[in-house]
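Reviewing the structure listed below.
There are 2 protein chains.
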Amino acid sequence: MSIISETPKPPYYAVIFTSIKIDQDKGYDKISKRMVELAAYSEGFLGIESAREDLGITVSYWKDEKSIIKWKANFEHQKAQKLGKEIWYKKYKIRISKVERDYEF
Amino acid sequence: MSIISETPKPPYYAVIFTSIKIDQDKGYDKISKRMVELAAYSEGFLGIESAREDLGITVSYWKDEKSIIKWKANFEHQKAQKLGKEIWYKKYKIRISKVERDYEF
Chain A
1 MSIISETPKP PYYAVIFTSI KIDQDKGYDK ISKRMVELAA YSEGFLGIES AREDLGITVS
61 YWKDEKSIIK WKANFEHQKA QKLGKEIWYK KYKIRISKVE RDYEF
Chain E
106 MSIISETPKP PYYAVIFTSI KIDQDKGYDK ISKRMVELAA YSEGFLGIES AREDLGITVS
166 YWKDEKSIIK WKANFEHQKA QKLGKEIWYK KYKIRISKVE RDYEF
């Protein structure tokens, strides 16, 4: 996804997902796209931004913590999380943060 | 920078900088690298993660809000911010957020 998310006035939440992937695809691309679609239907979803070079960074935005917990528990997402650990990711880090202020140009 | 930052136990701050750049370099690459070096010497700096495809995402981590404000006010950084608006960026958004929890694999 190549656009900057139109998020509401803070406060809201950001999940910063930083990862290092294996070189091969192994089904990642398809499921990753599906997860973006699925997240967009999840309650409290506000937007998602993503870029990958050696490091991948995906930031998803959420109304509140409850929405984040609900998305994490989504059944199809749970299956993808399992594949992520077993196959696609060498390493990742997830940071849950509360956006307090923002500005743009 | 291609590694996942080794940040301390939360709470700490994350500055999520999402941008769309012009296609040409126009001095961006050199100054962008210099800013990463310079930020690393700034008080309260904890790490930085970056990736760019169509969209660029740079997340820098800071001890507290005071450190973020100090880095923003750095003279050399101010000059780079001005160039960013005048030359390199079509659009950007900066979100200041407080990391409340994190986990990794």
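Here the protein sequences come in this chain order: A and E. Numbered according to our numbering, the first sequence spans residues 1 to 105. Numbered according to our numbering, the second sequence spans residues 106 to 210. Virtual Cβ for every residue (Gly too), placed ideally from N, Cα, C.
8 Å Cβ cutoff, residue i in contact with chain A
i             : result
residue 122/E : no
residue 203/E : yes
residue 146/E : no
residue 157/E : yes
residue 125/E : yes
residue 153/E : no
residue 130/E : no
residue 139/E : no
Closer than 8 Å to chain E by CB, residue i
i             : result
residue 86/A  : no
residue 55/A  : yes
residue 29/A  : no
residue 37/A  : no
residue 45/A  : no
residue 101/A : yes
residue 94/A  : yes
For residue i, the residue or residues it bridges with in DSSP
i             : result
residue 51/A  : 57/A
residue 62/A  : 13/A and 45/A
residue 20/A  : 91/A
residue 99/A  : 12/A and 202/E
residue 209/E : 93/A
Any non-hydrogen atom of the ligand MN within 7 Å of residue i CB
i             : result
residue 169/E : Ligands are entirely absent from the displayed structure, and the ligand MN is therefore not among its contents.
Option nearest residue i by Cα separation, candidates the options
i             : options                       : result
residue 36/A  : 87/A, 92/A and 76/A           : 76/A
residue 61/A  : 49/A, 55/A and 53/A           : 49/A
residue 53/A  : 98/A, 79/A, 32/A and 18/A     : 18/A
residue 161/E : 117/E, 114/E and 199/E        : 199/E
residue 203/E : 119/E, 111/E and 144/E        : 119/E
residue 114/E : 104/A, 96/A, 101/A and 30/A   : 96/A
residue 82/A  : 101/A, 32/A, 58/A and 11/A    : 32/A
residue 29/A  : 16/A, 104/A, 80/A and 4/A     : 80/A
residue 105/A : 189/E, 207/E and 210/E        : 189/E
residue 73/A  : 103/A, 38/A and 4/A           : 38/A
residue 40/A  : 27/A, 101/A, 51/A and 63/A    : 63/A
residue 4/A   : 109/E, 112/E, 108/E and 121/E : 121/E
residue 112/E : 132/E, 156/E and 164/E        : 164/E
**Asked** Quick one, which residues of the segment 64 to 92 of chain A are near chain E if we go by CB-CB under 7 Å, in chain order?
**Response** 85, 89, 91 and 92
**Asked** Do the segment 172 to 184 of chain E and the segment 142 to 151 of chain E meet, that is, are 3 or more Cβ pairs less than 8 Å apart?
**Response** yes
**Prompt:** Would the segment 110 to 127 of chain E and the segment 185 to 203 of chain E be scored as touching if the rule is three or more Cβ pairs under 8 Å?
**Reply:** yes
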